[in-house]
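Right, dumping it as structure tokens:
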């Protein structure tokens, strides 16, 4: 896939597929090293089962790309990139539990609690969340400690009640309610999806020592693509197949969930996602050629079919 | 209660009851301020419900006492003290879940999931765990960032698979098994109980800038009292009443759990706990008068009846 940047007259060709593949490999090699299986093996195996179950590794890749954009290296950001994937995986394991969304499959594989039982699945999520912070604190090299603390604070906020947890709480509360409006829906997805994507981008920038104005631009970029990502996800739940998505489809309709397509319709949802992606790319204008990965990732969100 | 220190000829009178009461008030005032209830209220209320449900606040108090012992102030350690209680509370909420120990009461009150439902209880635990790290990173004042990072690393380790999570995993796995030996039992309690007590003590020392040799002494002190604490807990489960303990008793026998009294008998268990407390106090010898709170807390463990 070769995408061109459409926000200005200058065309910047960029091979996103190759970039994502290469970066995914790097991230998975680092994740592979991150958790050793020791006694009691079952809990470490359960943590690894979900952590190594594939996925696009979008959050780590955004973190690495932003660190480079802001003048740092991928190396200084890799521990935080891994921690972001641990936090994301924790939220998937817990959201899939019978007491929550009760999902049996994730990325085409049985969910954690289907393999290890509910008790171990709850503990595996807790273990990944705690380890994420330990991992950043212990593994980050060649970054002033003040910046690392700022990253930990930002990720803690994105993972907790002001982020993932708060979004999931409102999502659960809204299920089966037909009067859910677009503001509630935005709240859910700003917290369930956008908050951790935003933390991925901002943490890369903070580690690299970006200036506050640039951090704010990158934060807005990430919030826009986060919401666009969720709108496209809602659309794909209707228009795609389980085979293409690697997870069950039509779930939202079945659960009587209010979604962007259920409020706006499919075409308007796509238009809104496209607009958000354009706004996201506008925020990148001042960064020159080094913005290419982030710009291409924004385009990829509306282009993706699974 | 006025306890005297029995490890050396010099008698150090110390009013532990007054000390614990005063410190508990300080900690609860700080915890009260730590979490504001905002939208979505239910998740914050659930987090506060368990966080403010009482308890001895032993972990925060150990952290504050050790910070002072090591030449620091209670102020520099208060955010970490609060975070320790958040992590402890998270582990109680999740351990009480139906998929784990399935407890309906805790400290005489209905457990979190009985009040808020399983879904919110899981999320409240996640929220407290994530917030603990954010809270330390954002709130700690007048401590070099390197020390704060070291504290975060230590607490992450104590909360995760190398600590609480690993201990609970082995505990669940051992339930109903009659062949559990004292080594497995030690593993469970070194991880479920002692690890976070140890982190409480070590984090106070690290924040205050203690030397490595002193940190190691204090670490051993905490590991000894952690194990002693659990032995006494096992004994009290047999010898105390639900009214005195504020939680159900006889649970271990009912669940066919192997405990220290079931291996050693009640008298030998008490003797072992006493020996551990003496060993703990030995580690404090070099600290002079400032060791009094920690020494008295060690004595209190074997003296307590609930």
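Protein chains in written order, with my numbering: chain A, 213 to 518; chain B, 213 to 518.
Every residue, glycine too, gets a C-beta built ideally from N, C-alpha and C.
Keep in mind it's a predicted model, so treat the numbers as computed, not measured.
| Asked | Found |
| --- | --- |
| Short of 6 Å in beta carbon distance, which residues of its chain neighbour residue 213 of chain A, apart from the five on each side in sequence? Order them along the chain. | Interpretation of residue 213 of chain A is limited by its pLDDT of 44, a score under 50 that renders its predicted location unreliable; the figure taken from the coordinates is listed afterwards. Here the set comprises 228, 229. |
| Could you tell me which of A/352, A/422, A/479 sits nearest to residue 279 of chain A, measuring between CA atoms? | A/422 |
| How many Å lie between residue 386 of chain A and residue 449 of chain B at the Cα? | 42 Å |
| What three-state label does DSSP hand residue 321 of chain A in the structure shown? | strand |
| Decide if the segment 246-262 of chain B is in contact with the segment 328-340 of chain B; the criterion is three or more beta carbon pairs, one per stretch, under 8 Å apart. | yes |
| Counting only the same chain and skipping the five closest in sequence on each side, list residues whose C-beta sits under 8 Å from that of residue 565 of chain B. | Because chain B here runs from 213 to 518, residue 565 of chain B falls outside it and cannot be looked at. |
| Any beta carbon of chain A sitting closer than 8 Å to that of residue 503 of chain B? | no |
| Apart from the five residues just before and just after residue 440 of chain A, which ones in its own chain have a Cβ nearer than 6 Å to its Cβ? | 485, 488, 489, 513 |
| Taking the alpha carbon of residue 311 of chain B as the point to measure from, which residue in B/497, B/330, B/300, B/324 has its own alpha carbon closest? | B/330 |
| Where does residue 227 of chain B sit, in a helix, a strand or coil, going by DSSP? | strand |
| Note down, in chain order, all residues in the segment 298-326 of chain B with a beta-carbon under 7 Å from any beta-carbon belonging to chain A. | 306, 309, 311, 312 |
| Examine the Cβ distances between the segment 284-304 of chain A and the segment 341-359 of chain A and report whether three or more of them are shorter than 8 Å. | yes |
| With distances taken between CB atoms, is the gap from residue 282 of chain B to residue 426 of chain B smaller than 8 Å? | yes |
| Report buried or exposed for residue 442 of chain B, applying the criterion of at least 16 other Cβ atoms within 10 angstroms of its Cβ. | buried |
| So what's residue 312 of chain B in DSSP terms, helix, strand or just coil? | coil |
| What does residue 345 of chain B reach in chain A if we use C-beta pairs closer than 7 Å? | 345, 364, 368 |
| Tell me, please, whether the segment 404-417 of chain A touches the segment 361-379 of chain A by the rule of three or more beta-carbon pairs shorter than 8 Å. | yes |
| Does DSSP put residue 282 of chain A in a helix, in a strand, or in coil? | coil |
| Using Cβ-Cβ distances below 9 Å, what residues of the segment 476-503 of chain A are close to chain E? | Absent from the structure: chain E. Protein chains present are A and B. |
| Are at least three pairs of beta-carbons, each pair with one atom in the segment 259-277 of chain B and one in the segment 316-325 of chain B, less than 8 Å apart? | yes |
| Any Cβ of chain B within less than 8 Å of the Cβ of residue 384 of chain A? | yes |
| Less than 8 Å between CB atoms is the rule here; does residue 508 of chain A satisfy it with respect to chain B? | no |
| Give me, in chain order, the residues of the same chain whose beta-carbon lies closer than 6 Å to that of residue 272 of chain B; leave out the 5 immediate sequence neighbours on both sides. | 239, 293, 296, 297 |
| Using the Cα positions of residue 325 of chain A and residue 494 of chain A, report the straight-line distance between them to the nearest angstrom. | 42 Å |
| For the alpha helix (DSSP H) that contains residue 379 of chain A, what are its first and last residues? | 376-386 |
| Taking Cβ positions only, does residue 254 of chain B come closer than 8 Å to chain A? | yes |
| What did DSSP end up calling residue 264 of chain A once you bin it into helix, strand or coil? | coil |
| Just the C-alpha distance for residue 475 of chain B and residue 469 of chain B, rounded to the nearest angstrom, thanks. | 11 Å |
| Please confirm whether any heavy atom of the ligand FAD lies closer than 7 Å to the CB of residue 353 of chain A. | The ligand FAD is absent from the structure shown, which contains no ligand whatsoever. |
| What does the alpha-carbon distance come out to for the pair residue 256 of chain A and residue 332 of chain A? | 10 Å |
| Please name the residue in B/308, B/417, B/361 whose C-alpha comes closest to that of residue 356 of chain A. | B/361 |
| So which residues on chain A does residue 349 of chain B lean against when the C-beta distance must stay under 8 Å? | 361, 362, 364, 365, 368 |
| Relative to chain B, which residues along the segment 331-345 of chain A have a C-beta separation below 9 Å, given in chain order? | 331, 332, 333, 334, 335, 336, 337, 338, 339, 340, 341, 342, 343, 344, 345 |
| Could one say the Cβ of residue 393 of chain A lies closer than 8 Å to chain B's Cβ atoms, at least one of them? | no |
| Ignoring anything shorter than 4 residues, give me the alpha helix (DSSP H) runs that lie fully in the segment 425-482 of chain A, in order along the chain. | 454-457, 463-466, 472-476 |
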